[in-house]
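This report refers to the structure that appears directly beneath it.
In the working numbering, the protein residues as written are 29 to 227.
Below, the structure is given as structure tokens:
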């Protein structure tokens, strides 16, 4: 296992997260659990973000990722809307069991083009443990996923350990790793695993 970026100290990440979250809330943005009524709208946001020309400059979108993204029945997540109710961003997660307990696998993280560069994606990642809390599960978990190497710096600044492209993580999900990767909004052959413990 070769580490591309080590994790950042949690205090530094938390301060930035709180500052951005407060700025967004003050501007009228709201963060909510992904509910049934919003599932297709959320999947459409992810597909549109992937297909947007110049999306590679957005730290929350994998360039040239597969465009057939759809939410799976087991998916959950968080959405953020502006004051008018417009969907601004989404984090799609799947809870899976792994060697040491529960993991939240990031299947997709996207921000609508007009809402980028405001810290929305970082705040969504920071709020991920609330998904477990709302489900009545312990909020301590491994938060993990895979991102293109071009986005490794973004994921690192969000507080994650990032492995070099192609390296395998130091944990397993009972043999469903390939299935998780295949259904995520990332590009085959350009995937850096990222992970951190969250509570």
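Using N, Cα and C, we set each Cβ at its ideal position, and we do this for glycine too. Because the structure is a prediction, the values reported are computed rather than measured.
On the premise that residue j lies in contact with residue i, defined as a C-beta separation below 8 Å, what is that separation, rounded to the nearest angstrom?
{"i": "residue 200", "j": "residue 127", "result": "6 Å"}
{"i": "residue 139", "j": "residue 117", "result": "4 Å"}
{"i": "residue 106", "j": "residue 160", "result": "So it is not a contact: roughly 12 Å between Cβ atoms."}
Grab me the residues of residue i's own chain with a C-beta within less than 8 Å of its C-beta, minus the 5 sequence neighbours each way, in chain order.
{"i": "residue 225", "result": "168, 169, 170 and 171"}
{"i": "residue 208", "result": "122, 124, 133, 135 and 201"}
{"i": "residue 204", "result": "124"}
{"i": "residue 131", "result": "123, 124, 125, 169, 170, 171, 172, 199 and 201"}
If you reduce the DSSP assignment to three classes, tell me which class residue i lands in.
{"i": "residue 70", "result": "helix"}
{"i": "residue 185", "result": "helix"}
{"i": "residue 122", "result": "strand"}
{"i": "residue 31", "result": "strand"}
{"i": "residue 44", "result": "helix"}
{"i": "residue 115", "result": "strand"}
{"i": "residue 75", "result": "helix"}
{"i": "residue 143", "result": "helix"}
{"i": "residue 106", "result": "strand"}
{"i": "residue 65", "result": "helix"}
Going along the chain, which residues of its own chain have a beta-carbon closer than 7 Å to the beta-carbon of residue i, five neighbours each way excluded?
{"i": "residue 45", "result": "150, 151 and 154"}
{"i": "residue 66", "result": "107"}
{"i": "residue 32", "result": "180, 190, 191, 192 and 220"}
Do you know whose CA, among the options, lies nearest residue i's CA?
{"i": "residue 218", "options": "195, 210, 176 and 68", "result": "176"}
{"i": "residue 52", "options": "206, 180, 110 and 130", "result": "110"}
{"i": "residue 77", "options": "195, 55, 216 and 144", "result": "144"}
I want to see whether chain D comes within less than 8 Å of residue i, judged by CB atoms only; does it?
{"i": "residue 97", "result": "This model lacks chain D altogether, as it is built from one protein chain only."}
Excluding sequence positions up to five away, which residues of its chain have a Cβ less than 6 Å from the Cβ of residue i?
{"i": "residue 186", "result": "150 and 153"}
Inside the segment 146 to 211 only - alpha helix (DSSP H) runs reaching at least 4 residues: 148 to 155, 157 to 162, 180 to 185 and 205 to 210
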